[in-house]
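Undergrad: Just dropping this structure here.
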Amino acid sequence: MEGVMMKRVVFLACLLASFGSPLHANPSAVELLKRVDDYNNAPRDWEYAVDMVVKEASGEEKPRRMILYQRGDSQRLIRFIAPADVKGMTILMEDKGKIYIYLPTYKKIRRISVSNLKQTFLGSDFTFDDMNLTRFLDYYDPELIEETPQEYILLLKRKPKAKGGDPAMKVWVLKEKPFVTRLEHLDEAGNVERIETREGFKVVQGREVQTVIRMVTVKTGHETTQYVGDIKFDQGLPASFFSRRNLVKRR
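Numbering (this note's numbering), first residue to last: 9 to 259.
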(Lines of atoms letter the chains of each structure in order from A and count residues from 1; the text may use other names and numbers.)
(Lines give C-alpha, C1' and ligand atoms only; values in the text may rest on other atoms or scores of the structure.)
Protein backbone atom coordinates (compact mmCIF):
# COMPACT_ATOMS: atom_id res chain seq x y z
CA MET A 1 0.00 0.00 0.00
CA GLU A 2 2.82 2.37 0.93
CA GLY A 3 4.47 1.56 -2.40
CA VAL A 4 1.32 2.54 -4.31
CA MET A 5 1.02 5.80 -2.36
CA MET A 6 4.66 6.62 -3.02
CA LYS A 7 4.17 6.08 -6.77
CA ARG A 8 1.18 8.44 -6.72
CA VAL A 9 3.17 11.10 -4.87
CA VAL A 10 6.03 10.81 -7.35
CA PHE A 11 3.59 10.99 -10.29
CA LEU A 12 1.91 14.13 -8.93
CA ALA A 13 5.29 15.75 -8.28
CA CYS A 14 6.37 15.06 -11.86
CA LEU A 15 3.06 16.37 -13.19
CA LEU A 16 3.36 19.62 -11.25
CA ALA A 17 6.97 20.02 -12.30
CA SER A 18 5.98 19.65 -15.94
CA PHE A 19 4.02 22.93 -15.79
CA GLY A 20 7.30 24.69 -15.22
CA SER A 21 8.84 23.12 -18.30
CA PRO A 22 9.25 24.95 -21.64
CA LEU A 23 6.08 23.30 -22.94
CA HIS A 24 4.04 25.35 -20.50
CA ALA A 25 6.22 28.45 -20.25
CA ASN A 26 5.19 31.86 -21.54
CA PRO A 27 5.68 32.33 -25.28
CA SER A 28 9.03 33.78 -26.31
CA ALA A 29 9.38 37.38 -27.42
CA VAL A 30 9.82 36.24 -31.03
CA GLU A 31 6.68 34.09 -30.84
CA LEU A 32 4.66 36.98 -29.42
CA LEU A 33 5.77 39.39 -32.13
CA LYS A 34 5.24 36.78 -34.85
CA ARG A 35 1.63 36.32 -33.72
CA VAL A 36 1.07 40.06 -34.07
CA ASP A 37 2.77 40.19 -37.48
CA ASP A 38 0.92 37.15 -38.82
CA TYR A 39 -2.48 38.38 -37.64
CA ASN A 40 -1.98 41.85 -39.09
CA ASN A 41 -0.97 40.42 -42.46
CA ALA A 42 -3.43 37.52 -42.69
CA PRO A 43 -5.77 39.12 -45.29
CA ARG A 44 -4.62 38.85 -48.90
CA ASP A 45 -5.40 42.53 -49.33
CA TRP A 46 -7.37 45.31 -47.71
CA GLU A 47 -8.62 48.84 -48.18
CA TYR A 48 -9.63 51.41 -45.60
CA ALA A 49 -10.20 55.12 -45.15
CA VAL A 50 -8.19 57.12 -42.64
CA ASP A 51 -9.21 60.47 -41.20
CA MET A 52 -5.96 61.85 -39.83
CA VAL A 53 -6.21 64.80 -37.47
CA VAL A 54 -3.01 66.70 -36.71
CA LYS A 55 -3.32 68.68 -33.48
CA GLU A 56 -0.88 71.50 -32.89
CA ALA A 57 0.36 72.35 -29.40
CA SER A 58 -1.84 75.46 -29.65
CA GLY A 59 -4.92 73.26 -30.04
CA GLU A 60 -5.43 73.99 -33.74
CA GLU A 61 -6.51 70.89 -35.69
CA LYS A 62 -5.61 70.07 -39.29
CA PRO A 63 -7.59 67.24 -40.89
CA ARG A 64 -6.39 64.94 -43.68
CA ARG A 65 -8.35 62.17 -45.39
CA MET A 66 -6.74 59.32 -47.27
CA ILE A 67 -7.53 55.89 -48.65
CA LEU A 68 -5.02 53.15 -47.94
CA TYR A 69 -4.69 49.95 -49.99
CA GLN A 70 -2.43 47.04 -49.13
CA ARG A 71 -1.61 43.70 -50.73
CA GLY A 72 0.34 41.13 -48.75
CA ASP A 73 2.96 42.59 -46.44
CA SER A 74 5.07 44.51 -48.93
CA GLN A 75 2.78 46.53 -51.21
CA ARG A 76 0.91 49.59 -50.01
CA LEU A 77 -0.61 52.61 -51.74
CA ILE A 78 -1.95 55.70 -49.97
CA ARG A 79 -4.05 58.23 -51.86
CA PHE A 80 -5.00 61.56 -50.30
CA ILE A 81 -8.48 62.83 -51.12
CA ALA A 82 -8.82 65.89 -48.82
CA PRO A 83 -8.24 68.74 -48.18
CA ALA A 84 -7.61 70.44 -51.51
CA ASP A 85 -3.93 71.22 -50.88
CA VAL A 86 -3.05 67.50 -50.64
CA LYS A 87 -5.76 66.00 -52.85
CA GLY A 88 -4.26 63.67 -55.44
CA MET A 89 -0.99 63.21 -53.58
CA THR A 90 -0.20 59.50 -53.66
CA ILE A 91 2.41 57.41 -51.88
CA LEU A 92 3.50 53.98 -53.10
CA MET A 93 5.35 51.48 -50.97
CA GLU A 94 6.38 49.19 -53.78
CA ASP A 95 8.47 46.94 -51.58
CA LYS A 96 10.11 47.23 -48.18
CA GLY A 97 12.36 50.28 -48.36
CA LYS A 98 11.12 51.41 -51.80
CA ILE A 99 8.80 54.37 -51.37
CA TYR A 100 7.64 56.77 -54.09
CA ILE A 101 5.51 59.88 -53.80
CA TYR A 102 3.49 61.61 -56.53
CA LEU A 103 3.09 65.37 -56.13
CA PRO A 104 0.20 66.54 -58.35
CA THR A 105 1.21 70.21 -58.10
CA TYR A 106 4.48 69.42 -59.87
CA LYS A 107 3.20 66.36 -61.75
CA LYS A 108 6.32 64.50 -60.65
CA ILE A 109 7.14 61.20 -58.98
CA ARG A 110 10.13 61.11 -56.66
CA ARG A 111 11.62 58.35 -54.58
CA ILE A 112 12.03 58.79 -50.84
CA SER A 113 15.51 57.69 -49.84
CA VAL A 114 16.16 55.53 -46.79
CA SER A 115 17.83 58.51 -45.10
CA ASN A 116 14.55 60.46 -45.38
CA LEU A 117 12.27 57.78 -43.92
CA LYS A 118 12.39 59.56 -40.55
CA GLN A 119 10.77 62.63 -42.07
CA THR A 120 7.33 63.49 -40.75
CA PHE A 121 4.43 62.12 -42.73
CA LEU A 122 2.77 65.29 -44.10
CA GLY A 123 3.39 67.30 -40.97
CA SER A 124 1.97 64.64 -38.66
CA ASP A 125 3.64 62.90 -35.72
CA PHE A 126 3.96 59.74 -37.82
CA THR A 127 6.95 59.20 -40.09
CA PHE A 128 7.27 57.48 -43.46
CA ASP A 129 8.96 54.70 -41.51
CA ASP A 130 5.84 54.25 -39.38
CA MET A 131 3.59 54.08 -42.42
CA ASN A 132 5.91 51.58 -44.11
CA LEU A 133 6.07 49.14 -41.19
CA THR A 134 4.03 45.97 -41.80
CA ARG A 135 6.07 43.37 -39.88
CA PHE A 136 7.99 44.17 -36.70
CA LEU A 137 10.26 41.15 -37.09
CA ASP A 138 11.60 42.47 -40.40
CA TYR A 139 13.26 45.33 -38.52
CA TYR A 140 13.60 44.39 -34.87
CA ASP A 141 14.97 41.78 -32.48
CA PRO A 142 12.58 41.49 -29.50
CA GLU A 143 13.24 40.81 -25.83
CA LEU A 144 10.59 40.16 -23.17
CA ILE A 145 11.40 42.58 -20.34
CA GLU A 146 8.25 42.81 -18.24
CA GLU A 147 4.78 41.41 -17.73
CA THR A 148 1.49 42.75 -16.38
CA PRO A 149 -1.72 40.79 -15.72
CA GLN A 150 -3.01 41.76 -19.18
CA GLU A 151 0.08 42.37 -21.32
CA TYR A 152 3.63 41.40 -22.18
CA ILE A 153 6.10 44.27 -22.55
CA LEU A 154 8.81 43.81 -25.16
CA LEU A 155 11.93 45.79 -25.93
CA LEU A 156 12.58 45.86 -29.67
CA LYS A 157 16.07 46.68 -30.89
CA ARG A 158 16.66 47.52 -34.53
CA LYS A 159 18.49 44.83 -36.45
CA PRO A 160 21.99 45.87 -37.60
CA LYS A 161 21.12 45.50 -41.29
CA ALA A 162 17.60 46.94 -41.10
CA LYS A 163 16.90 49.76 -43.53
CA GLY A 164 14.68 52.02 -41.51
CA GLY A 165 12.90 51.80 -38.20
CA ASP A 166 13.50 53.50 -34.85
CA PRO A 167 16.67 52.62 -32.92
CA ALA A 168 14.46 50.84 -30.38
CA MET A 169 10.86 50.55 -29.18
CA LYS A 170 8.99 49.29 -26.15
CA VAL A 171 5.73 47.61 -27.10
CA TRP A 172 2.82 46.33 -25.03
CA VAL A 173 1.25 43.13 -26.44
CA LEU A 174 -2.08 41.81 -25.15
CA LYS A 175 -1.98 38.33 -23.67
CA GLU A 176 -5.45 37.33 -24.82
CA LYS A 177 -5.16 38.38 -28.46
CA PRO A 178 -2.43 39.39 -30.94
CA PHE A 179 -2.60 43.17 -30.64
CA VAL A 180 -0.14 45.89 -29.68
CA THR A 181 -1.82 48.57 -27.55
CA ARG A 182 1.08 50.90 -26.80
CA LEU A 183 4.46 51.69 -28.36
CA GLU A 184 7.18 53.94 -27.01
CA HIS A 185 9.49 55.04 -29.82
CA LEU A 186 13.02 55.45 -28.44
CA ASP A 187 16.05 57.36 -29.66
CA GLU A 188 19.65 56.12 -29.71
CA ALA A 189 20.09 56.98 -26.02
CA GLY A 190 16.94 55.10 -25.02
CA ASN A 191 14.87 58.22 -24.39
CA VAL A 192 11.17 58.20 -25.29
CA GLU A 193 10.62 60.44 -28.32
CA ARG A 194 7.05 59.51 -29.22
CA ILE A 195 4.23 57.54 -27.61
CA GLU A 196 1.75 55.63 -29.78
CA THR A 197 -1.49 54.09 -28.55
CA ARG A 198 -3.84 51.79 -30.45
CA GLU A 199 -7.45 51.29 -29.40
CA GLY A 200 -11.02 51.41 -30.73
CA PHE A 201 -11.50 47.66 -31.18
CA LYS A 202 -14.13 46.68 -33.76
CA VAL A 203 -15.04 43.53 -35.68
CA VAL A 204 -15.14 43.83 -39.49
CA GLN A 205 -15.88 40.83 -41.71
CA GLY A 206 -15.22 38.57 -38.74
CA ARG A 207 -11.82 40.13 -37.99
CA GLU A 208 -11.08 42.29 -34.97
CA VAL A 209 -9.25 45.51 -35.78
CA GLN A 210 -8.05 48.66 -34.02
CA THR A 211 -9.57 51.85 -35.41
CA VAL A 212 -8.04 54.67 -33.35
CA ILE A 213 -4.27 55.19 -33.50
CA ARG A 214 -2.73 58.14 -31.69
CA MET A 215 0.86 59.38 -31.80
CA VAL A 216 2.20 62.04 -29.40
CA THR A 217 5.60 63.71 -29.66
CA VAL A 218 6.82 63.92 -26.06
CA LYS A 219 9.01 67.01 -26.38
CA THR A 220 6.40 69.26 -28.00
CA GLY A 221 3.05 67.77 -27.01
CA HIS A 222 2.14 67.77 -30.71
CA GLU A 223 -0.19 64.87 -31.52
CA THR A 224 -1.83 63.10 -34.45
CA THR A 225 -4.79 60.74 -34.39
CA GLN A 226 -5.78 58.36 -37.18
CA TYR A 227 -9.42 57.24 -37.29
CA VAL A 228 -9.82 54.15 -39.45
CA GLY A 229 -13.10 53.24 -41.19
CA ASP A 230 -14.72 51.78 -44.32
CA ILE A 231 -12.57 48.68 -43.96
CA LYS A 232 -12.71 46.00 -46.67
CA PHE A 233 -10.75 42.76 -46.80
CA ASP A 234 -9.83 40.38 -49.62
CA GLN A 235 -11.20 42.26 -52.64
CA GLY A 236 -8.67 40.72 -54.99
CA LEU A 237 -6.49 43.79 -55.59
CA PRO A 238 -4.01 42.88 -58.36
CA ALA A 239 -0.25 43.38 -58.04
CA SER A 240 -0.43 45.81 -60.98
CA PHE A 241 -2.49 48.20 -58.83
CA PHE A 242 0.63 48.82 -56.74
CA SER A 243 2.77 50.31 -59.49
CA ARG A 244 4.38 53.65 -60.21
CA ARG A 245 2.10 53.96 -63.21
CA ASN A 246 -0.90 53.89 -60.88
CA LEU A 247 0.46 56.72 -58.76
CA VAL A 248 -1.12 59.26 -61.09
CA LYS A 249 -4.36 57.38 -61.67
CA ARG A 250 -7.60 57.10 -59.75
CA ARG A 251 -8.95 53.69 -58.91
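Ideal Cβ placement from N, Cα and C applies to all residues, glycine included.
Since the model is a prediction, treat every value here as computed from it, not as a measurement.
Classify G172 as buried or exposed, calling it buried when 16 or more other Cβ atoms lie within 10 Å of its own Cβ.
TA: Taking the sequence shown and counting its residues from 1, the one referred to as residue 172 is at position 164. Burial call: buried.
Undergrad: In its own chain, which residues sit with a C-beta less than 7 Å from the C-beta of I89, not counting the 5 before and 5 after it?
TA: Indexing the sequence shown from 1 puts residue 89 at position 81. The residues are R73, M74, I75 and K95.
Undergrad: On the criterion of 16 or more Cβ atoms from any shown chain inside 10 Å, does A247 qualify as buried, or is it exposed?
TA: Along the sequence shown, one-based indexing puts residue 247 at 239. Per the 10 Å Cβ criterion, exposed.
Undergrad: At what residue ranges does the segment 129 to 173 contain a whole run of the beta strand (DSSP E), taking only runs of 3 or more?
TA: Runs found: 148 to 155 and 159 to 166.
Undergrad: Please determine, among R253, Y235, G208 and N199, the residue with the shortest C-alpha to C-alpha distance to K227.
TA: The count along the sequence shown starts at 1 and reaches residue 227 at position 219. Here the closest residue by C-alpha is N199.
Undergrad: Terminal residues of the continuous alpha helix (DSSP H) containing R8?
TA: Nothing about residue 8 can be read from this structure; the chain reaches only from 9 to 259.
Undergrad: Assign R253 to one of three DSSP states: helix, strand, or coil.
TA: As a working mapping, residue 253 is identified with position 245 in the sequence shown. Helix at R253.
Undergrad: Which first and last residues belong to the beta strand (DSSP E) in which D238 is found?
TA: Counting from one through the sequence shown, the residue named residue 238 turns up at place 230. Element bounds for D238: E231 to F241.
Undergrad: Buried or exposed: where does N48 fall if 16 or more other Cβ atoms within 10 Å of its Cβ makes it buried?
TA: The residue given as residue 48 occupies position 40 in the sequence shown. Under this definition N48 is a buried residue.
Undergrad: Around the C-beta of D238, are 16 or more other C-beta atoms found within 10 angstroms, so that it is buried, or is it exposed?
TA: Counted from its first residue, the sequence shown places residue 238 at position 230. Burial call: exposed.
Undergrad: Just how far apart, CA to CA, sit G105 and Q127?
TA: Position 97 of the sequence shown holds residue 105. Position 119 of the sequence shown holds residue 127. The alpha-carbon atoms of G105 and Q127 are separated by roughly 14 Å.
Undergrad: Quick one: using the 10 Å Cβ neighbour count with 16 as the cut-off for buried, is D242 buried or exposed?
TA: Mapped onto the sequence shown, residue 242 falls at position 234. That one is exposed.
Undergrad: In the DSSP assignment, the beta strand (DSSP E) including P71 goes from what residue to what residue?
TA: Working through the sequence shown from its first residue, we reach residue 71 at position 63. Residues E69 to R79.
Undergrad: To which residues does DSSP link L245 through a beta bridge?
TA: Taking the first residue of the sequence shown as 1, we reach residue 245 at position 237. In DSSP, L245 forms no bridge with anything.
Undergrad: Three-state secondary structure (DSSP) at V122?
TA: Taking the first residue of the sequence shown as 1, we reach residue 122 at position 114. V122: helix per DSSP, three-state reduction.
Undergrad: Going by CA-CA distance only, name the one from I203, P51, M97 and F209 that's closest to S82.
TA: As a working mapping, residue 82 is identified with position 74 in the sequence shown. That would be P51, whose Cα lies nearest to the Cα of S82.
Undergrad: Measure from the alpha carbon of E184 to the alpha carbon of each residue in T205, Q158 and R202, then state which is nearest.
TA: Locating residue 184 in the sequence shown gives position 176, where the first residue counts as 1. For the residues T205, Q158 and R202, the minimum Cα distance to E184 belongs to Q158.
Undergrad: Nearest to Y187 by alpha carbon, out of L162, R119, Y114 and A170?
TA: As a working note, residue 187 is residue 179 in the sequence shown. The amino acid at residue 187 is misidentified as Tyr; the sequence shows Phe. The residue with the shortest Cα to Cα distance from F187 is L162.
Undergrad: For S151, which residues in the same chain have their Cβ closer than 6 Å to its Cβ, ignoring the five residues on either side in sequence?
TA: Position 143 of the sequence shown, counting from 1, holds the residue named residue 151. Reading off the sequence, residue 151 comes out as Glu, not Ser. Taken in chain order, the residues that qualify are A37 and L163.
Undergrad: Roughly how many angstroms lie between the CA atoms of S29 and S132, to the nearest whole one?
TA: Working through the sequence shown from its first residue, we reach residue 29 at position 21. Working through the sequence shown from its first residue, we reach residue 132 at position 124. Bear in mind that the predicted position of S29 carries a pLDDT of just 35, short of 50, making it unreliable; the figure below should be weighed with that in mind. Cα to Cα, the separation comes out at about 47 Å.
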